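What follows is one structure encoded as structure tokens, with my remarks underneath.
2 protein chains.
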Amino acid sequence: MRLKRKRLEINEYADGILSGDKIILSRAITLIESNLDTDIELSEKVLELILPHTGNSKRIGITGVPGVGKSTFIEALGILLADQGKQLAVLAVDPSSQRTGGSILGDKTRMEQLSHHPNAYIRPSATGNSLGGVANKTRETMLLCEAAGFNHILIETVGVGQSEIAVKGMVDFFLLLMLAGAGDELQGIKKGIMEMADAIAITKADHDNIQASKRAKAEYQNALHLFPLADSGWQPKVLTCSSVAKTGLDDILHLIETYYDHMEGKLDKLRTQQNISWMHESIGFMLKQNFYGNSEVKTDLPEIEQQVGAGMITPQAAARKLLNL
Amino acid sequence: MRLKRKRLEINEYADGILSGDKIILSRAITLIESNLDTDIELSEKVLELILPHTGNSKRIGITGVPGVGKSTFIEALGILLADQGKQLAVLAVDPSSQRTGGSILGDKTRMEQLSHHPNAYIRPSATGNSLGGVANKTRETMLLCEAAGFNHILIETVGVGQSEIAVKGMVDFFLLLMLAGAGDELQGIKKGIMEMADAIAITKADHDNIQASKRAKAEYQNALHLFPLADSGWQPKVLTCSSVAKTGLDDILHLIETYYDHMEGKLDKLRTQQNISWMHESIGFMLKQNFYGNSEVKTDLPEIEQQVGAGMITPQAAARKLLNL
Chain A
1 MRLKRKRLEI NEYADGILSG DKIILSRAIT LIESNLDTDI ELSEKVLELI
51 LPHTGNSKRI GITGVPGVGK STFIEALGIL LADQGKQLAV LAVDPSSQRT
101 GGSILGDKTR MEQLSHHPNA YIRPSATGNS LGGVANKTRE TMLLCEAAGF
151 NHILIETVGV GQSEIAVKGM VDFFLLLMLA GAGDELQGIK KGIMEMADAI
201 AITKADHDNI QASKRAKAEY QNALHLFPLA DSGWQPKVLT CSSVAKTGLD
251 DILHLIETYY DHMEGKLDKL RTQQNISWMH ESIGFMLKQN FYGNSEVKTD
301 LPEIEQQVGA GMITPQAAAR KLLNL
Chain B
326 MRLKRKRLEI NEYADGILSG DKIILSRAIT LIESNLDTDI ELSEKVLELI
376 LPHTGNSKRI GITGVPGVGK STFIEALGIL LADQGKQLAV LAVDPSSQRT
426 GGSILGDKTR MEQLSHHPNA YIRPSATGNS LGGVANKTRE TMLLCEAAGF
476 NHILIETVGV GQSEIAVKGM VDFFLLLMLA GAGDELQGIK KGIMEMADAI
526 AITKADHDNI QASKRAKAEY QNALHLFPLA DSGWQPKVLT CSSVAKTGLD
576 DILHLIETYY DHMEGKLDKL RTQQNISWMH ESIGFMLKQN FYGNSEVKTD
626 LPEIEQQVGA GMITPQAAAR KLLNL
């Protein structure tokens, strides 16, 4: 049970965050996750104060379909980083999650060792019924974590929908976890996600699975060579690893270092572009939120949607009709 | 020089289109391409009348970077179809085009033989400065062509940007043209486009290029097998062809037939989804058009964009600031 607490003063939040106080950090994140107008106003002021202290982290996105071993992987990689003295925050974007339902990261016990590590901070996904809202909250949470001194931010997402695009738009490096043996498991990955990856890690490359993982690695590496490069010129790599046998994790950390070396002088440009895109997406999101929140639109939408689906009215005319409400 | 003509009556447009009159069809398309409020109103009424007579065509999108031989390919494939007695309309989405500048399809002489074929109708891309606007016009033009009796619609796009996503959202089958010999030429293809393709055709597979094309075919076929399938379960295929030697074109037509066989019973669902998505995208587009067209937004946007890019204000706060104007 969570206690309803009084809000702090703006400066108390900012000072607490900047001094690395995890309790105040958590309370500030709760403020960001709130949808109350007064909280939104307060959180924007807090963000304004801490903003000059953000940006000093490696921002890493991690995705993969359920069953790929994401939590185990993040825990293993996270412990490795934390043991090296890195300050690590683990966040998640999962618009389907409910704090109380067993969502990704929702159940902290799944990363029990990492969650008790003094250098690590784990925060479950914000709740909310729209991806845009949830993703915005995660992005702002990332900024708070950076201001609190975390220099590695891992952002987890579920690999089955649009949230990957949102996460790709807030991280520097995007890692896709996959299983060897292609086939059905992979069909959960949505189109377009593989092409967004800066690296693919074939997980569970242990025991009987080592040979299959090596083959998968070679196949994906060949495939990725055929696909267009990112603007930065980075060629995505494929690695294998085992979170249980603790193999291949060092290689992944090394690859991430290589990536940041490659991005030397290019990272600012990437982040500037991300910020500007994010603003325009936020505008689009807010405009739609206002529009679809309108009670007349809500009433008329189902019928108009049906007519459009049945080809009785053009999508364009239907859109205009709804906008004229 | 185009002559300024008087508008026809709604029924004259509709009757002319339904009787397959190409001159009236062209005038109706001009009406759709107009941005005058009175024309928009008139064109929506025409669309309403012809809508029950649409949907009876194979809707095929074709993309590929400049240099891949798109025009030559479309002309060769188009002649093959038209000679078989198919009624063929060729349209284009190219938001960068100006009717007078040498855009794709803008210069009809590039498809001279096809443009004189009695079974073919070629219409250059609508002009406009926003992709959403241009794509909407192309989509509605497609409906007019269907009502006019064209049973094959080829929609060309340029392979270097967002217009592919718009075209993917209005066609049944999406064909990506590529060259053998990967490397630099391919870098023009944007990320995500390859995964949208229902088929890839390696063009210019003739003379010295035959072996390289065969290798490219095998490589891409292997790569595509690793990638997630579309909801329909269709496995994208790779073929080779030469528009000059006229080889492989029959295979492509045969593949398209196979695709439609595969989509038997699934095509309606795909088109219903496309219609509904298109409506929501149109809503988003119109909302943004209104917003970014606002004079205060126009004045303040550049400075706010700069502040966001420099990390002085969060994208979220900037969006809210602009929306409050």
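Protein chains in written order, with the working numbering: chain A, 1 to 325; chain B, 326 to 650.
Ideal Cβ positions, reconstructed from N, Cα and C, are used throughout, including at glycine.
Being a predicted model, the structure only gives us computed values, none of them experimental.
**Request:** Answer with yes or no whether the minimum CB distance from A/W278 to chain B is below 9 Å.
**Result:** Chain B contact via Cβ: present.
**Prompt:** Which value, in whole angstroms, describes the spacing of the CA atoms of A/K269 and A/K45?
**Reply:** Computed Cα separation, rounded: 26 Å.
**Request:** Measure from the alpha carbon of B/Q641 to the alpha carbon of each residue in A/T240, A/R7, A/R123 and A/N136, then state which is nearest.
**Result:** Selected option, being the one with the closest Cα: A/N136.
**Item:** Neighbour list for B/L647 in chain A, Cβ cutoff strictly below 7 Å
**Value:** Those within 7 Å of B/L647 in chain A are I283.
**Request:** Please state if the CB of B/L502 and the CB of B/I478 are separated by a distance shorter than 9 Å.
**Result:** When the beta-carbon positions are compared, B/I478 and B/L502 stay at least 9 Å from each other.
**Item:** chain B contact for A/G161 (CB, 9 Å cutoff)
**Value:** It does not: the Cβ of A/G161 has no partner Cβ on chain B nearer than 9 Å.
**Message:** Can you look up A/S277 in the DSSP assignment and give me helix, strand or coil?
**Reply:** Three-state DSSP puts A/S277 in a helix.
**Request:** For B/M588, I'd like the list of residues in its chain whose CB is within less than 8 Å of its CB, leaving aside the five on either flank, ordered along the chain.
**Result:** Result list for B/M588: D497, S557, W559 and L595, in chain order.
**Request:** Please classify A/S43: does DSSP put it in a helix, a strand, or coil?
**Result:** A/S43 falls in the helix class under three-state DSSP.
**Environment of A/G64 [buried if 16+ CB atoms lie within 10 Å]** = With 16 or more other Cβ atoms from the protein chains shown falling within 10 Å of its own Cβ, A/G64 counts as buried.
**Asked** When you compare only the Cα positions, how much space is there between B/S428 and B/G392?
**Response** Residue placement at B/S428 cannot be trusted, given a pLDDT of 48 that sits under 50; the coordinates are not used to answer.
**Prompt:** Do you know how far the Cα of A/I189 is from the Cα of A/T157?
**Reply:** About 12 Å.
**Segment limits, beta strand (DSSP E) that includes B/T528** = A524 to T528 is the span of the beta strand (DSSP E), which, as asked, contains B/T528.
**Prompt:** Between the C-alpha atoms of B/I535 and B/G506, what's the straight-line distance to the nearest angstrom?
**Reply:** So the two alpha carbons sit approximately 11 Å from each other.
**Message:** Measuring straight from C-alpha to C-alpha, what distance separates B/Q412 and B/L574?
**Reply:** Annotation: B/Q412 to B/L574 spans about 18 Å, alpha carbon to alpha carbon.
**Request:** Give a yes or no on whether 9 Å exceeds the smallest Cβ distance from B/V393 to chain A.
**Result:** Contact with chain A is absent for B/V393, since none of that chain's Cβ atoms lies less than 9 Å from the residue's Cβ.
**Request:** Could I get the ranges of all uninterrupted alpha helix (DSSP H) runs contained in the segment 400–485 of chain B, with 4 residues as the minimum, in chain order?
**Result:** As for any alpha helix (DSSP H) of minimum length 4 sitting wholly inside the segment 400–485 of chain B, the runs are 437–440 and 456–472, ordered along the chain.
**Message:** Residues in the same chain with beta-carbon distance under 6 Å from A/L81, minus the five sequence neighbours each way, listed in chain order, please.
**Reply:** Taken in chain order, the residues that qualify are L88 and H152.
**Prompt:** Curious, which full-length beta strand (DSSP E) runs of at least 3 residues does the segment 221–245 of chain A contain?
**Reply:** Fully enclosed beta strand (DSSP E) runs of no fewer than 3 residues occupy 237–240 of the segment 221–245 of chain A, in order along the chain.
**Item:** Closer than 9 Å to chain B by CB, A/N56
**Value:** Not a single CB atom of chain B sits nearer than 9 Å to the CB of A/N56.
**Asked** Can you tell me the Cα-Cα spacing of A/M194 and A/L253, whole angstroms?
**Response** Roughly 20 Å between the two C-alpha positions.
**Message:** Quick check: is the beta carbon of B/E465 nearer than 9 Å to any beta carbon in chain A?
**Reply:** Using a CB distance cut-off of 9 Å, B/E465 counts as an interface residue toward chain A.
**Inter-stretch contact at 8 Å, needing at least 3 Cβ pairs: the segment 303–315 of chain A / the segment 622–637 of chain B** = The segment 303–315 of chain A is not in contact with the segment 622–637 of chain B.
**Message:** So the candidates are B/L612, B/R540, B/R645 and B/I375; which of them puts its Cα closest to the Cα of A/K321?
**Reply:** The candidate whose alpha carbon is nearest that of A/K321 is B/L612.
**Item:** Enclosing alpha helix (DSSP H) for A/I165 [first to last residue]
**Value:** Residues S163 to K168.
**Item:** For A/A230 and A/K204, the rounded distance between their alpha carbons
**Value:** The alpha-carbon atoms of A/K204 and A/A230 are separated by roughly 28 Å.
**Asked** To which residues does DSSP link A/M178 through a beta bridge?
**Response** According to DSSP, which records beta bridges pairwise, A/M178 is partnered with A/I202.
**Asked** Between which two residues does the beta strand (DSSP E) containing A/K58 stretch?
**Response** For A/K58, the enclosing beta strand (DSSP E) covers residues K58 to T63.
**Request:** May I have the straight-line CA-CA distance separating B/N619 from A/M279, to the nearest angstrom?
**Result:** Within the model, the alpha-carbon separation for B/N619 versus A/M279 is close to 17 Å.
**Item:** chain B contact residues for A/N222, given Cβ-Cβ distances below 8 Å
**Value:** Contact annotation for A/N222 against chain B: E544, N547 and A548 [CB-CB distance below 8 Å, chain order].
**Request:** Pick helix, strand or coil for B/T639, following the three-state DSSP scheme.
**Result:** In the structure shown, B/T639 sits in coil (DSSP, three-state: anything other than H, G, I, E or B).
**Item:** Same chain, Cβ closer than 8 Å to A/L143, five either side skipped, listed in chain order
**Value:** Hits under 8 Å: L47, I50, L51 and T54.
**Message:** Please classify A/L25 as buried or exposed, where buried requires at least 16 other C-beta atoms within 10 Å of its C-beta.
**Reply:** Under the 10 Å beta carbon count, A/L25 is surrounded by 16 or more other beta carbons and is classified as buried.
**Asked** Near B/R384, which residues of its chain fall below 6 Å by C-beta distance, leaving aside the five closest residues on each side in sequence?
**Response** Cβ within range, chain order: I478, V496 and D497.
**Any C-beta of chain B under 9 Å from that of A/R271** = Answer yes: the Cβ-Cβ gap between A/R271 and chain B drops below 9 Å somewhere.
**Request:** To the nearest angstrom, report how far apart B/I404 and B/H442 are at their CA atoms.
**Result:** Cα to Cα, the separation comes out at about 8 Å.
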